[in-house]
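Chains as they are written, first to last, in the working numbering: chain A, 73 to 635; chain B, 2 to 260.
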């Protein structure tokens with residue numbers, strides 16, 4: 073009776089998950105298209121990995137096949153444990169805490185969530201690899217249930233543990249500060265990984281057989297992924313005693329994880345577990361600090377124009393707001409970190425002895441230098457091409473203000489130009505030194521500054537006609553919807569190509585006198601290039617301001633969250 | 002001031018909004034006079050927020066014309082926006098600015114000098130009891146605090162017309178009292194207030210005139226006495242009774258047999 077009731081509830085939770093997923097796809101065609109695109113992109117990879125594993129399991133020596141299985145399961149295990157850090161949630165469709173209104177035990181709620189997650193794309197893509205492990209290691213009829221149970225328990229335990237980590241870290245990981253930190257931390261980790269993967273193999277050759285025989289690998293293989301692999305391999309070999317022993321330990325571990333996850337779900341609902349230490353500290357600080365004194369009216373400083381010239385208040389206000397957003401919004405931090413990542417990649421290429429080997433083309437360093445600036449500008453284009461993206465729903469508030477629309481654009485452009493210039497100057501400085509061409513630094517900076525003006529000019533227009541809402545998800549950026557995001561990415565590529573064409577005269581104005589004519593010609597070409605860039609900017613500002621006044625309702629609508 | 006000689010601050014005629022096949026607002030006409038505290042009532046989904054959005058230029062009407070403070074919202078949107086303050090139902094603020102920064106930003110966007118912007122934002126933060134939280138990012142504010150800071154931003158340029166969509170939702174009674182006093186002060190000094198709320202008591206106490214919208218159409222407009230007459234309600238009937246009658250709400254007295 074109890075089991076029947078439990079099964080009925082599990083079925084109900086499964087139905088709820090399925091229905092909510094289906095509704096999401098039906099309501100938002102973009103979500104369906106996004107899921108479809110994800111399947112199209114990731115399914116061949118998942119199938120490819122599964123096929124590679126299958127070949128490995130079948131052709132390798134049995135003990136090596138076991139090592140491979142341990143490695144594969146360990147990879148999947150670690151991926152799931154770190155998934156909360158990537159902003160992935162198992163139960164995206166429904167909020168577990170809502171289920172506490174009903175007479176269902178926390179264990180059933182957790183089990184339902186885990187079973188429901190079998191419908192999630194991430195889990196579905198793991199299934200081909202697990203299936204081939206089942207096929208490859210089932211060597212006899214008795215081995216089949218052991219292998220099946222071991223793999224099933226491994227999956228159940230992994231999802232339950234991922235759920236637990238997600239729940240226990242929810243308070244910290246979903247706090248604004250932690251999310252902001254993650255945006256910086258993840259690209260840094262990626263950069264570090266790239267550096268290590270590039271430099272380590274050159275310094276030290278990895279001896280894989282020594283790694284597999286090491287004590288560390290043996291200990292790592294006592295993690296649940298290893299327990300599952302040992303049970304599977306034992307059953308395949310016909311060593312049913314050890315296989316059952318490992319299976320028993322795995323069962324205990326899995327049940328304990330389920331209990332842990334249920335306990336966490338229950339206590340989080342009661343508000344006893346998830347908390348943000350940062351907030352507590354802030355609260356203590358707030359208590360300790362005396363309330364700030366009110367500024368006496370007479371003491372309010374009124375700023376005077378320093379150079380007899382002052383920008384209109386709206387331009388200053390928008391610029392000040394943009395500058396603060398630049399420092400605080402994770403989107404900008406993410407973009408900046410991507411620039412850092414790009415810089416590191418170029419540095420690795422530039423310091424590589426292969427770049428400077430005698431048979432390499434004589435001008436390779438210079439070519440790399442100019443190529444890297446073009447790449448950098450290409451990476452900066454998404455920020456310039458979507459200047460309203462980070463406004464989000466606050467765009468409707470921005471457009472309620474009665475200031476001239478030109479002032480909004482100028483305020484945004486000023487900050488964008490300053491920020492990109494700063495990044496590019498540092499970039500050019502580092503690159504010119506590493507490429508052993510410091511004499512090219514002024515030319516590089518001039519080109520980059522002129523190109524930013526062109527980028528901003530194109531950006532003003534495209535931002536008004538094709539605004540896309542930017543959503544930070546974990547450490548990654550997500551456009552409002554996958555399908556629109558993809559369309560806009562293609563569109564941005566096309567506009568980047570147009571901006572590239574429009575920038576060609578600017579590049580020519582810098583490099584023609586340096587490489588092919590005479591540097592003295594720069595005295596003529598640079599003012600002409602500046603005049604050309606400024607004319608393009610003023611024209612774009614004129615048309616963009618007019619278009620903005622007409623399209624602000626549509627822009628605000630496009631930047632509102634999808635329902 | 003606007004171009005019209007009369008004192009009609011808000012004038013809408015034939016105002017219609019369609020979303021696909023759905024008619025959210027169906028050819029309504031509104032007249033609100035200067036210094037009036039005008040209540041706009043209606044059940045959920047009646048078209049209140051859509052109307053407010055159209056009146057303040059956040060939504061383009063499918064048909065009809067709107068003049069606010071003497072200016073046509075379609076042709077002279079900036080002139081209208083210079084004169085209005087808006088507190089929308091869904092509060093979308095700049096989450097990554099602090100409360101104080103946001104108020105200064107709003108003031109500067111209305112063309113105010115920095116000194117004046119700082120002075121007014123300090124005063125408003127004090128009035129809304131947000132002085133202690135002024136350096137916290139808005140993303141860390143509670144819903145009530147967000148509402149108060151949005152209200153302060155709507156007031157900072159001393160607008161001629163104030164649009165308030167459910168202003169008291171989620172705000173504590175102390176702040177409600179403070180806001181109510183401000184609103185009363187504003188109407189006494191000529192500010193027009195266009196106000197929606199579900200709380201009938203508040204509307205009855207504050208508003209000089211009321212319009213009731215149901216399924217996109219105005220079903221009653223005027224003072225309490227006029228509405229009573231229109232609804233053919235008893236002389237002592239409350240605004241709630243009149244409202245229920247005009248929107249033809251069915252309030253079942255009986256309960257379900259199994260409940």
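Glycine included, every Cβ here is placed at the ideal spot set by N, Cα and C.
Query	Result
Residues of the segment 91–114 of chain B whose Cβ lies closer than 7 Å to any Cβ of chain A, in chain order	93, 94, 95, 97, 98, 102, 106, 109, 110, 111, 112, 113, 114
Test: residue 405/A CB closer than 8 Å to a CB of chain B	no
First and last residue of the uninterrupted beta strand (DSSP E) at residue 196/B	193–197
Which of helix, strand or coil DSSP assigns to residue 99/B	strand
Secondary structure of residue 13/B, DSSP reduced to three states	strand
Buried or exposed by the 16-neighbour rule on C-beta atoms within 10 Å, applied to residue 48/B	buried
Integer-rounded CB distance, given that residue 35/B should sit under 8 Å from residue 191/B	6 Å
CB of residue 488/A within 8 Å of CB of residue 528/A, strictly	yes
Collapsed DSSP secondary structure at residue 46/B in the structure displayed	coil
Member of 452/A, 193/A, 590/A whose CA lies at the smallest distance from the CA of residue 572/A	452/A
Within-8 Å CB hit, residue 535/A to chain B	no
Span separating the alpha-carbon of residue 25/B from that of residue 337/A	42 Å
Cutoff 8 Å: residue 484/A Cβ touching any chain B Cβ	no
Residues from the segment 229–245 of chain B in contact with chain A, defined by Cβ distance under 7 Å	none
Whether residue 182/B touches residue 44/B by CB criterion (8 Å)	no
Residues that residue 166/B bridges to, as DSSP identifies them	197/B
Cβ distance (whole Å) where residue 617/A is taken to contact residue 481/A below 8 Å	6 Å
Cβ neighbours of residue 326/A in the same chain (closer than 6 Å, five flanking residues each side left out)	225, 228, 229
Element boundaries [alpha helix (DSSP H), containing residue 150/B]	144–156
Rounded separation between residue 28/B and residue 219/B - CA only	9 Å
Residue of 163/B, 120/B, 61/B, 148/B minimising C-alpha distance to residue 188/B	163/B
Helix, strand or coil at residue 187/B according to DSSP, with G and I counted as helix	helix
Range of the contiguous beta strand (DSSP E) that encloses residue 146/A	Looking at the DSSP string, residue 146/A is not in any beta strand (DSSP E); the run it does join, the alpha helix (DSSP H), is 134–154.
Coarse secondary structure for residue 292/A, derived from DSSP in three states	helix
Environment of residue 246/B [buried if 16+ CB atoms lie within 10 Å]	buried
DSSP bridge partner residues for residue 38/B (one or two, in chain order)	194/B
Within 8 Å, strictly: CB atoms of residue 240/B and residue 194/B	no
Residue 301/A vs residue 141/A beta-carbon contact at 8 Å	yes
Bridge partners - residue 460/A, DSSP secondary structure assignment	In DSSP, residue 460/A forms no bridge with anything.
is_contact[residue 288/A, chain B] using C-beta, thresh 8 Å	no
Other residues of its chain near residue 242/B: CB distance less than 7 Å, five sequence neighbours each side excluded	234
Chain B contacts made by the segment 380–399 of chain A, where a contact means CB separation under 8 Å	384, 385, 386, 388, 389, 390, 392, 393, 396, 397
Continuous beta strand (DSSP E) stretch holding residue 222/B: start and end	218–223
Limits of the unbroken beta strand (DSSP E) element including residue 66/B	64–69
Cβ contact (3+ pairs, closer than 8 Å) linking the segment 499–516 of chain A and the segment 454–461 of chain A	no
Residue-level contact to chain A via CB, residue 125/B, 8 Å cutoff	no
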